[in-house]
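*Asks:* So the sequences go chain by chain: A and B.
Each step along the first sequence adds one to the number in the numbering used here, with nothing skipped, and position 100 is 100.
Each number in the numbering used here corresponds to the 1-based position in the second sequence with 114 added.
Note that the Cβ used here is the ideal one computed from N, Cα and C, for glycine as well.
Structure in structure tokens, see below.
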Amino acid sequence: EAQVTQNPRYLITVTGKKLTVTCSQNMNHEYMSWYRQDPGLGLRQIYYSMNVEVTDKGDVPEGYKVSRKEKRNFPLILESPSPNQTSLYFCASSPSASPSYEQYFGPGTRLTVT
Amino acid sequence: AQTVTQSQPEMSVQEAETVTLSCTYDTSESNYYLFWYKQPPSRQMILVIRQEAYKQQNATENRFSVNFQKAAKSFSLKISDSQLGDTAMYFCAFMRSNSGYALNFGKGTSLLVTP
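Following this line, the structure appears as structure tokens:
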């Protein structure tokens with residue numbers, strides 16, 4: 001089944017404790033992206049990747065890192081999480097960086113930083 | 115910068131009725147794409163319908179259709195024969211063709227379909 005998976009789905013952590021949220025897709029997509037969703041703000045892009053080893057900042061990259069060493073994986077790293085990073089996170093992928101392609105979303109990761 | 119505005123935070127409709135969700139956007143680009151996404155209580159983001167700006171014909175997907183008014187920068191979603199499973203948050207989104215092909219989302223409209 002073609003899908004985007006994220007792990008963990010739920011995470012409660014403490015301020016300053018490094019964490020990684022994994023994202024994996026099995027569709028051989030070139031383009032991958034991370035969004036965060038906050039009440040009343042919709043979804044905002046954090047980072048994106050056009051292909052392996054090609055990443056760039058989105059609208060709200062502060063406090064996050066990413067890497068793209070393999071085509072299928074695009075982990076989101078919070079090196080020193082803070083309470084303002086409490087949010088619902090979505091990974092998305094599409095065949096390429098073109099608006100003519102649909103972006104497929106993962107199931108979301110609910111992160112709480114205390 | 116592109117902005118997407120959804121002016122209706124919440125709406126309610128009875129089963130089998132028709133409802134229209136509003137969306138306006140602001141952009142200086144001449145070609146772009148517009149989307150409606152549905153987020154049910156499961157939180158999964160599901161693409162409902164997509165419109166390419168250079169196409170004058172309004173997109174339709176079964177019970178879902180859009181009214182795309184390019185000059186007015188308006189992109190409303192019409193749901194016909196509403197079903198209980200349509201209860202969800204609906205997001206209007208704009209895709210820009212530069213700086214990451216990010217989807218620029220509105221704040222969402224919460225739709226409740228009642229029996």
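Nearest by alpha-carbon distance to glutamine 6 of chain A: which of A:Pro75, A:Glu70, A:Asp56 is it?
*Replies:* The candidate whose alpha carbon is nearest that of glutamine 6 of chain A is A:Pro75.
*Asks:* Does glycine 40 of chain A pass the burial test, meaning 16 or more other C-beta atoms within 10 Å, or should it be called exposed?
*Replies:* Exposed, since its Cβ has fewer than 16 Cβ neighbours within 10 Å.
*Asks:* Counting only Cβ pairs nearer than 9 Å, list the residues of chain A close to leucine 161 of chain B.
*Replies:* Chain A residues near leucine 161 of chain B: Glu102, Gln103, Tyr104, Phe105.
*Asks:* Along chain A, which residues have their Cβ under 7 Å away from the Cβ of phenylalanine 219 of chain B?
*Replies:* Chain A residues near phenylalanine 219 of chain B: Gly42, Leu43.
*Asks:* DSSP state of asparagine 84 of chain A, grouped into three classes?
*Replies:* The answer is helix: DSSP assigns asparagine 84 of chain A an H, G or I state.
*Asks:* So what does DSSP say about leucine 198 of chain B, is it helix, strand or coil?
*Replies:* Leucine 198 of chain B: helix per DSSP, three-state reduction.
*Asks:* Just to confirm my understanding: we take methionine 50 of chain A, look at its own chain, exclude 5 residues before and 5 after, and list those with CB closer than 7 Å. What are they?
*Replies:* Excluding positions up to five away in sequence, the list reads Glu30, Tyr31, Ala97.
*Asks:* Helix, strand or coil, according to DSSP, for glutamate 129 of chain B in the structure here?
*Replies:* Correct three-state label for glutamate 129 of chain B: coil.
*Asks:* Chain A beta carbons: is any one of them nearer than 9 Å to that of phenylalanine 205 of chain B?
*Replies:* For phenylalanine 205 of chain B, the answer is yes, since a Cβ of chain A falls inside 9 Å of its Cβ.
*Asks:* Where proline 99 of chain A and valine 66 of chain A are concerned, what is the direct C-alpha to C-alpha distance, given to the nearest angstrom?
*Replies:* Straight-line Cα distance between these residues: approximately 22 Å.
*Asks:* Could you spell out the range, first to last residue, of the beta strand (DSSP E) harbouring serine 49 of chain A?
*Replies:* Counting along the chain, the beta strand (DSSP E) containing serine 49 of chain A begins and ends at 42 to 51.
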